[in-house]
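Quick note, the sequence shown lines up with residues -6 to 154 if you use our numbering.
Where is the CB? At the ideal position from N, CA and C, for every residue including glycine.
Please read all numbers here as calculations on a predicted model, not as lab measurements.
Contents: one structure, followed by commentary.
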Amino acid sequence: QNDEGSVFHGWPFGGENEDGGWGWWLSGPGQQTEGAPPSAAFGFGVDFLRYMVEHDPDWRYEGFSFNDYRARVAPVESVLSAKDPNLDNFREAGGKLLFYHGWSDAALSALATVDYVDAVYARDPTARDDVRLFLMPGVSHCAGGPGSSMNGQTPTQRLMS
């Protein structure tokens, strides 16, 4: 839960029906395959807890208590989480940060990335000089989707030829 009381950012509309879209990540394929997780998010979540948090390949989720979740993931979160909006050291060293995020990403919500960049700007408005976010319509997780195969340079190339 964040300071404003939001538990989760949600997902932008538009990627529900794409291959690799919400269905695959969140609710799984319509037809279950023996041994396959019910959804990609479930499979990744269980394996994250099993291997990165519990360090036990035999760990099972059935006895897991979400009351202990924050304490259990804290050591991993300090390494994997990118929530700190303080980019001072990076920027003072001359760093420039360019993000892109697909609006149709069903694995990681683009709205969470927007919130993070907004927090960076709120903390230090001069970060707008060094930190930029590009949101890409129709782009799924790790590329994919109709937006990732669009070539916006083709009209310019034709004009210049």
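Check the C-beta distance from residue i over to residue j and give it rounded, since I have them as a contact under 8 angstroms.
| i | j | result |
| --- | --- | --- |
| residue 54 | residue 39 | 5 angstroms |
| residue 104 | residue 5 | 6 angstroms |
Tell me which residue opens and which closes the alpha helix (DSSP H) that residue i is part of.
| i | result |
| --- | --- |
| residue 69 | 62 to 73 |
| residue 124 | That residue, residue 124, is in no alpha helix (DSSP H); its beta strand (DSSP E) goes 124 to 129. |
Would you call the CB atoms of residue i and residue j closer than 9 angstroms?
| i | j | result |
| --- | --- | --- |
| residue 72 | residue 92 | no |
| residue 95 | residue 126 | no |
| residue 138 | residue 97 | yes |
| residue 79 | residue 116 | yes |
| residue 112 | residue 84 | no |
| residue 65 | residue 46 | yes |
Applying the 10 Å Cβ sphere with the 16-neighbour rule, what's the burial state of residue i?
| i | result |
| --- | --- |
| residue 44 | exposed |
| residue 74 | exposed |
| residue 56 | exposed |
| residue 109 | buried |
| residue 134 | buried |
| residue 42 | buried |
| residue 106 | buried |
| residue 99 | buried |
Under the criterion of a Cβ to heavy atom distance below 8 angstroms, does residue i qualify as lining the ligand SAM?
| i | result |
| --- | --- |
| residue 99 | For the ligand SAM, the structure offers nothing, since it holds no ligand at all. |
Note down, one range per segment and in chain order, each alpha helix (DSSP H) of at least 4 residues found wholly within the region 73 to 105. Counting only runs of 4+ residues, the alpha helix (DSSP H) found wholly inside the region 73 to 105 occupies 81 to 85, in chain order.
Which runs of the alpha helix (DSSP H), 4 residues or longer, sit entirely within the region 31 to 60? Residue ranges of uninterrupted alpha helix (DSSP H) with 4 or more members, entirely inside the region 31 to 60 and ordered along the chain, are 33 to 40.
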